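Dropping the structure here:
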């Protein structure tokens, strides 16, 4: 494949391709930053434009949107406490507190560089190991996927910020919401109340807008006097010094690895990957108590992992023609329309094209870094808009975006209803993140479990015969037991304090 | 006199308006998300139709619930030729029997069929199975699992029909869709997938027999199910263009002609074939009969497997 690299670079460095990369990056960052418009919708909106383009520029435009929209979500997460995409839901934990204390520029610096490292890391994995990893990932059948999702559910403990019971309850709400709509195992529709629109089920973006954006807006409206708004600094983009990076390099690389790995595997997805990465960073940190209060490690764990998923999810798409998540489904469709058919044959029949796609992906990451760094000045000016103007605008854009995804009026009602519920939960100190974790994992959890039961003829014990699943179950058990241990130590400490 | 003038005026304005159809852009509803298989299948035809009709076609994706959300919205649209839909076999001929929807076969006027992909029975290349007879022998010895989209989908019906025709049992493991099932087959967790031939080849699966009356250009070495010594089963995934019931005859004829010309272009044929699909034009009269027949046949099939309500 190496012999195609010079050719790929020379065909990538044409005016039309570079222009498409620049346009795609700017558009992707804006789409990602606006709550309601996510990666999938961004790709869908760009699709018609690519029909009039040659395959090269068309693929460049789509890849740039794919990569930079994931990054864009962090900007609104950091600056206004509303994640722009589900993949940046964990970036609010530490990004927003940093902005609140006046370090918005620094937070954007951490997030941008972490996103770039995550993207390039996963690209290297994609280039070096795509066929091998794709083959390895095939070992993850229903039972292994079930074990992985059970493991991913343990992350709820780390995002519940000391309110474990409320976090678990919130996760149950999310799991329940995931059951609305068609039951993939039987085709029957559940909890639709004879409403056609509800029979299509709920989707994550309206829930995210309800629980994060609308409830935040209501909260700020109700407690405007008490809400500590981000300090308006001179704004811009500050690269954190090397001394601050050095102790966090291991966290950064681990998060890149987690993101790439989960991206390659079926069923779990980018949103779950960032929570797994965040929980891992918090568990291993010497200062877990700082997480959620503006610890840069939390932000880089989340932002490097979500961009690392981008390359990981492309592994099964490129090597097997089987898309790993919503974004790659649209990418696959777009490539098909442009007469590029990913699958087992692509690497052998069109190695020059595969190399070009890799080079474009690299350039898309570089464009994201540059435009993100230069654009930060503009983004941080958002904070100079008075909250009373900014928040209604955010709300309006969110609703429009959520409706545009599939033109289903239920999605607007979901935003309103769950915005209100989210507000009540927030007042009672229920963390919203576990609801989203429960929701995104609910469908694959149920599906893989029931598939596993069919395959084992309803014998759950056979789940433990799979070595991969067994290892994952043991890790999960250790983590859960560790949590109980922590509880005991805590209650003992509290008891001593009282006594 | 006054009335005559009004009538004359109406005729004078109405006739050229019809002759000039379409005089504005046409909205085409695709009841699946953008970038999905049905969406891609229409986007290949879109530029051809736009050139022939001289008006832009605006695709509207309304996904969800096997296409029924979009199809139900479409059935209630004005039948003036400016609202069309591009829908597959499942949404139009199986879903109405599976669940409570607000449309049936009389809600639509079929215009033309554009793509028809015969399905094939396939296994993993690592399975050691290379013919239908070996697969059926395996099913006779022990459990053979079969994967595919949720029950009621065409791949599910087709695999049930194959098992029934050979008098064996396949244990069905539902997946999100064909590609997820292909992953389980390649990983060795599930044994059989019945899916369109193009997808099977693209996933790198081993096709055993195509459920069609003749061999395909895309896979000339692949025997038909009859040649493999099996029952004459015919299953395919097809896509077609529809108008709401009650659309004027002249408009339907114009669209039928445009569809025939559009699907005949070299560019269209090449794009569709390269994507692993099989171009298949069926004109309005033939397609209408075919559609109503499929609607009836699938109702019977679904009640035979106990899924029809």
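Protein chains in written order, with the working numbering: chain A, 6 to 504; chain B, 47 to 355.
The C-beta atom is built at its ideal place from N, Cα and C for all residues, glycine as well.
Please read these numbers as outputs of a predicted model, since none were measured by experiment.
Supposed close pair residue 132 of chain B, residue 76 of chain B - CB separation, criterion 8 Å
The residue you call residue 132 of chain B lines up with position 86 of the second chain. The residue you call residue 76 of chain B lines up with position 30 of the second chain. Yes, residue 132 of chain B and residue 76 of chain B are in contact; Cβ-Cβ is about 5 Å, under 8 Å.
Does DSSP put residue 313 of chain B in a helix, a strand or coil?
Walking along the second chain from the start, residue 313 of chain B turns up at place 267. The answer is helix: DSSP assigns residue 313 of chain B an H, G or I state.
Residue 247 of chain A, buried or exposed, once every other Cβ within 10 Å from all chains shown has been counted against 16:
Here residue 247 of chain A is taken as the residue at index 242 of the first chain, counted from 1. Exposed, by the Cβ-count rule.
DSSP-derived helix/strand/coil call for residue 5 of chain A
Residue coverage of chain A in this structure runs from 6 to 504, which leaves residue 5 of chain A outside it and unanswerable.
Chain A contacts made by the segment 190–216 of chain B, where a contact means CB separation under 8 Å:
So the list reads 191, 196, 197, 198 and 199, given in the order they occur along the chain.
Per-residue burial, residue 61 of chain B [other beta carbons within 10 Å of its own, 16 or more giving buried]
By 1-based counting over the second chain, the position of residue 61 of chain B is 15. With a pLDDT of only 46 at residue 61 of chain B, under the threshold of 50, the placement of this residue in the model should not be trusted; the figure read from the coordinates follows. The residue in question, residue 61 of chain B, is exposed, as its Cβ has fewer than 16 Cβ neighbours within 10 Å.
Which residue marks the beginning of the beta strand (DSSP E) containing residue 157 of chain B, and which one marks its end?
Within the second chain, the letter at position 111 stands for residue 157 of chain B. First-last of the beta strand (DSSP E) with residue 157 of chain B: 154–169.
Between which two residues does the beta strand (DSSP E) carrying residue 359 of chain B extend?
This structure does not reach residue 359 of chain B, given that chain B is present from 47 up to 355, and the question cannot be answered.
Quick one, which of A:349, A:466, A:405 and A:318 has its alpha-carbon nearest residue 335 of chain A's?
The sequence position of residue 335 of chain A within the first chain is 330, counting from 1. The option with the nearest alpha carbon to residue 335 of chain A is A:318.
Could you tell me if residue 327 of chain B is buried or exposed, where buried requires 16 or more neighbouring beta carbons within 10 angstroms of its beta carbon?
Within the second chain, the letter at position 281 stands for residue 327 of chain B. Burial call: buried.
Beta-carbon proximity list for residue 461 of chain A, same chain, < 8 Å, skipping 5 on both sides
Locating residue 461 of chain A in the first chain gives position 456, counting from the first residue. These residues qualify, in order along the chain: 148, 467 and 468.
Counted within 10 angstroms of its Cβ, other Cβ atoms place residue 287 of chain A as buried (16 or more) or exposed:
Residue numbering aside, residue 287 of chain A sits at position 282 when the first chain is read from its first letter. Residue 287 of chain A comes out buried.
Is the Cβ of residue 408 of chain A closer than 8 Å to any Cβ of chain B?
Start at 1 with the first residue of the first chain, and residue 408 of chain A comes out as number 403. At a cut-off of 8 Å, the C-beta of residue 408 of chain A has no neighbouring C-beta in chain B.
Work out the CA separation of residue 312 of chain B and residue 14 of chain A for me, nearest whole Å.
Along the first chain, read from residue 1 onward, the residue named residue 14 of chain A stands at position 9. Along the second chain, read from residue 1 onward, the residue named residue 312 of chain B stands at position 266. Each residue's Cα considered, the two are about 32 Å apart.
How would you call residue 85 of chain B, buried or exposed, if buried means at least 16 neighbouring beta carbons within 10 angstroms?
For the purposes of this step, residue 85 of chain B is identified with residue 39 of the second chain, where counting begins at 1. The residue in question, residue 85 of chain B, is buried, as its Cβ has 16 or more Cβ neighbours within 10 Å.
Report the residue ranges of all alpha helix (DSSP H) runs contained in full by the segment 230–257 of chain B; include only those spanning at least 4 residues, in chain order.
243–249
Does the distance from the CB of residue 160 of chain B to the CB of residue 286 of chain B come in under 8 Å?
Working through the second chain from its first residue, we reach residue 160 of chain B at position 114. Working through the second chain from its first residue, we reach residue 286 of chain B at position 240. Yes, they are a contact pair.
Please name the residue, chosen from A:342, A:254, A:416 and A:158, that lies closest to residue 478 of chain A on a Cα-to-Cα basis.
If you number the first chain from 1, residue 478 of chain A lands on position 473. With distances taken between CA atoms, residue 478 of chain A lies nearest to A:158 out of A:342, A:254, A:416 and A:158.
In three-state terms, what does DSSP make of residue 187 of chain A?
Your numbering for residue 187 of chain A matches position 182 in the first chain. Three-state result, residue 187 of chain A: strand.
Closest residue to residue 95 of chain A among A:74, A:127 and A:217 (Cα-Cα distance):
On the first chain, residue 95 of chain A is found 90 positions in, with the first residue counted as 1. The shortest C-alpha separation from residue 95 of chain A is found at A:217.
Could you tell me the distance, in whole angstroms, from the CA atom of residue 300 of chain B to the CA atom of residue 335 of chain B?
Counting from one through the second chain, the residue named residue 300 of chain B turns up at place 254. Counting from one through the second chain, the residue named residue 335 of chain B turns up at place 289. Taking the straight line from one Cα to the other gives about 19 Å.
Tell me the DSSP bridge mates of residue 286 of chain B?
The residue given as residue 286 of chain B occupies position 240 in the second chain. Residue 286 of chain B is bridged by DSSP to B:133 and B:159.
Run down chain C in chain order and give the residues with a C-beta less than 7 Å from the C-beta of residue 248 of chain B.
No chain C is present in this structure, whose protein chains are A and B.
Determine, using beta carbons only, whether residue 313 of chain B comes closer than 8 Å to chain A.
For the purposes of this step, residue 313 of chain B is identified with residue 267 of the second chain, where counting begins at 1. Chain A contact via Cβ: absent.
How about the segment 165–177 of chain B and the segment 239–257 of chain B: do they share at least three Cβ pairs that are nearer than 8 Å?
yes
Is residue 76 of chain B helix, strand or coil when you go by DSSP?
Residue mapping note: residue 76 of chain B aligns to position 30 of the second chain, counting from 1. Strand, per DSSP.
Under 8 Å between C-beta atoms, does residue 264 of chain B make it to chain A?
Within the second chain, the letter at position 218 stands for residue 264 of chain B. By this cut-off, residue 264 of chain B is not an interface position.
Run through the DSSP bridge pairs and tell me what residue 27 of chain B is partnered with.
Only positions 47 to 355 of chain B appear in the structure, and residue 27 of chain B is not among them; the question remains open.
Chain B partners of residue 147 of chain A, CB-CB under 8 Å?
Here residue 147 of chain A corresponds to residue number 142 of the first chain, with the count starting at 1. Going along chain B in sequence order, the residues near residue 147 of chain A (Cβ under 8 Å) are 219, 230 and 235.
Between the beta-carbon of residue 156 of chain A and the beta-carbon of residue 270 of chain A, is there less than 8 Å?
Residue numbering aside, residue 156 of chain A sits at position 151 when the first chain is read from its first letter. Residue numbering aside, residue 270 of chain A sits at position 265 when the first chain is read from its first letter. In this structure, residue 270 of chain A does not lie closer than 8 Å to residue 156 of chain A by Cβ.
Using only the alpha-carbon positions, how far apart do residue 276 of chain A and residue 88 of chain B sit?
Sequence index remark: in the first chain, residue 276 of chain A carries index 271 (1-based). Sequence index remark: in the second chain, residue 88 of chain B carries index 42 (1-based). Cα-Cα distance, rounded: 31 Å.
Count the other CB atoms, across all protein chains shown, that sit within 10 Å of the CB of residue 29 of chain A; report buried if there are 16 or more and exposed otherwise.
For the purposes of this step, residue 29 of chain A is taken as the residue at position 24 of the first chain. So residue 29 of chain A ends up on the buried side.
8 Å Cβ cutoff met for residue 385 of chain A and residue 109 of chain A:
Taking the first residue of the first chain as 1, we reach residue 385 of chain A at position 380. Taking the first residue of the first chain as 1, we reach residue 109 of chain A at position 104. In this structure, residue 109 of chain A lies closer than 8 Å to residue 385 of chain A by Cβ.
Local conformation of residue 61 of chain B per DSSP, three classes:
Reading the second chain from its first residue, position 15 is the one you call residue 61 of chain B. A caution first: residue 61 of chain B carries a pLDDT of 46, below 50, which makes its placement in the model unreliable, though a value can still be read off. The answer is helix: DSSP assigns residue 61 of chain B an H, G or I state.
Compare the beta carbon distance of residue 37 of chain A and residue 117 of chain A with 8 Å and say whether it is the shorter of the two.
Your numbering for residue 37 of chain A matches position 32 in the first chain. Your numbering for residue 117 of chain A matches position 112 in the first chain. Not a contact, by the Cβ cut-off of 8 Å.
For residue 505 of chain A, which residues in the same chain have their Cβ closer than 8 Å to its Cβ, ignoring the five residues on either side in sequence?
Absent from the model: residue 505 of chain A. The displayed extent of chain A is 6 to 504, so no value can be given.
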